[in-house]
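Going by our numbering, the sequence shown opens with residue 162, and the numbers climb by one from there.
For every residue, glycine included, the Cβ atom is placed at its ideal position computed from N, Cα and C.
Please read all numbers here as calculations on a predicted model, not as lab measurements.
Worksheet for the structure shown next.
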Amino acid sequence: MRAVFDTNVLVSALMNPYGSPGRILDLMLSRAFVVLRDDRILREYRDVLLRPRFGFDPADLVLLFDYVERAGEYVAAARLNVVLPDATDLPFLEVAAAGRADALITGNVRHYKPRRGHHSVNITSPADFLRRLV
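Written out as structure tokens, the structure is:
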């Protein structure tokens with residue numbers, strides 16, 4: 162299985178390791194599926210997760226970023242002719258489409274309903290992804 166993680170899933174996983182996002186992070190680290198990424202996604206992970214307001218240990222985050230970079234599959238994504246409610250979500254959708262992801266996992270499914278254009282990427286919540294995976 163191939164998947165793209167929206168940043169909010171990682172934030173949730175690190176804040177509550179016992180919820181669905183935390184379980185998905187554990188499965189990712191055990192290589193139960195392939196994580197797709199590009200440089201834009203890695204940059205957003207770093208920018209968001211290193212914000213002081215979250216209080217995450219930077220040393221732990223460096224290990225997570227290194228893992229995603231090394232174990233994840235790099236995808237060279239083409240631009241999609243899609244307008245989303247939040248333009249910062251577009252890289253995740255583009256990587257999922259180009260990498261033929263089985264799922265783009267997000268806590269904000271409605272953010273991926275296009276205002277213009279269309280896509281065929283399976284957008285799923287962490288709980289729904291877990292039900293499909295296990």
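Two segments are said to touch when three or more pairs of C-beta atoms, one from each, lie closer than 8 Å; by this definition the segment 269-286 touches the segment 245-261.
Secondary structure at residue 262: coil, using DSSP grouped into helix, strand and coil.
In the structure shown, residue 164 falls within a strand segment according to DSSP collapsed to helix, strand and coil. One alpha carbon belongs to residue 269, the other to residue 209, and they sit about 16 Å apart. Taking each of 169, 174, 189 and 175 in turn and checking the Cα distance to residue 294, the smallest one comes out for 189. Take residue 217, set aside five residues on each side of it, and the residues of its chain with a beta-carbon closer than 7 Å to its own are 175 and 210, in chain order. Sorting 271, 207, 222 and 172 by C-alpha distance to the C-alpha of residue 247 places 271 at the top.
Rounded to the nearest whole angstrom, the CA to CA distance from residue 205 to residue 163 is 20 Å. Spatial neighbours of residue 202 in its own chain (CB-CB distance under 7 Å, excluding positions within 5 residues in sequence) are listed in chain order as 252, 253 and 256.
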